[in-house]
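Residue numbers (full-length UniProt numbering): 1 to 125. Beta carbons are placed, not taken as given, at the ideal position from N, Cα and C, and that holds for glycine. Notes to accompany the following structure.
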Amino acid sequence: MFKLFLFCALAAIPLSDAVHCFSCTGVESEKQCMSSINCGSNVVSCKKELYYKNGKHLISKGCHSIDYEKNDECINSRFTDGPNKGDFERCLCTGDKCNGASWMGMNLFTAMIIAFSSFLLKNIL
Numbered sequence: 001m002f003k004l005f006l007f008c009a010l011a012a013i014p015l016s017d018a019v020h021c022f023s024c025t026g027v028e029s030e031k032q033c034m035s036s037i038n039c040g041s042n043v044v045s046c047k048k049e050l051y052y053k054n055g056k057h058l059i060s061k062g063c064h065s066i067d068y069e070k071n072d073e074c075i076n077s078r079f080t081d082g083p084n085k086g087d088f089e090r091c092l093c094t095g096d097k098c099n100g101a102s103w104m105g106m107n108l109f110t111a112m113i114i115a116f117s118s119f120l121l122k123n124i125l
């Protein structure tokens, strides 16, 4: 009975109210984009944009709150005019700091957490 109570109590603890995303604008390297921000309760996804400007490949990251765009995928597009004219790629993802250098690392981490949780639950209950 105590194990069931403990499991329910731990499951009721909220993990987070808001998504945290890496945030930077127009940097040349992933190493230049290590700071993160709290996106607020209305944001459910992070973005990572890759584009070409003034002869340089640049990276921008941050929070994303446009509802109609699909999460956990990348889209390729093109700016037809303006200062950022050219091709770009925007990737959207869900989860804290999912817009890091490697999304595969985050997916592997998530899989490890699930496996570890399953192991604990099997041994506790």
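Close Cβ partners of residue i (< 8 Å) along its chain, the five nearest in sequence each way excluded
{"i": "G86", "result": "Y51, Y52, K53, R78 and F79"}
{"i": "C33", "result": "F22, S23, C24, V27, I59 and K61"}
Exposure of residue i, with buried meaning 16 or more beta-carbon neighbours within 10 Å
{"i": "H57", "result": "exposed"}
{"i": "E49", "result": "buried"}
{"i": "G62", "result": "buried"}
Straight-line gap, residue i to residue j (C-alpha atoms, nearest Å)
{"i": "S23", "j": "S60", "result": "7 Å"}
{"i": "C39", "j": "A18", "result": "6 Å"}
{"i": "N71", "j": "T25", "result": "20 Å"}
{"i": "K47", "j": "I124", "result": "38 Å"}
{"i": "D67", "j": "S35", "result": "25 Å"}
{"i": "D81", "j": "C98", "result": "30 Å"}
Contacts around residue i, its chain only, beta-carbon distance under 6 Å, and the 5 residues preceding and following it disregarded
{"i": "residue 149", "result": "With the chain represented from 1 up to 125, any question about residue 149 goes unanswered, as that position is not in the structure."}
Member of the options whose CA lies at the smallest distance from the CA of residue i
{"i": "S29", "options": "G100, E73 and V43", "result": "G100"}
Residue span of the beta strand (DSSP E) that contains residue i, given as start and end
{"i": "N76", "result": "E73 to F79"}
{"i": "V27", "result": "C24 to V27"}
{"i": "residue 128", "result": "Here the chain comprises residues numbered 1 to 125, so residue 128 is not present and cannot be evaluated."}
{"i": "S36", "result": "S36 to N38"}
Close-in-space but distant-in-sequence residues of the same chain around residue i (CB under 7 Å, 5 per side omitted)
{"i": "V44", "result": "V19 and T94"}
{"i": "N42", "result": "S65"}
{"i": "M104", "result": "In this predicted model, M104 has a pLDDT of only 39, less than 50, meaning its place in the structure is not dependable; the value taken from the coordinates is given anyway. Counting only Cβ-Cβ distances below 7 Å, and skipping sequence neighbours, we find nothing."}
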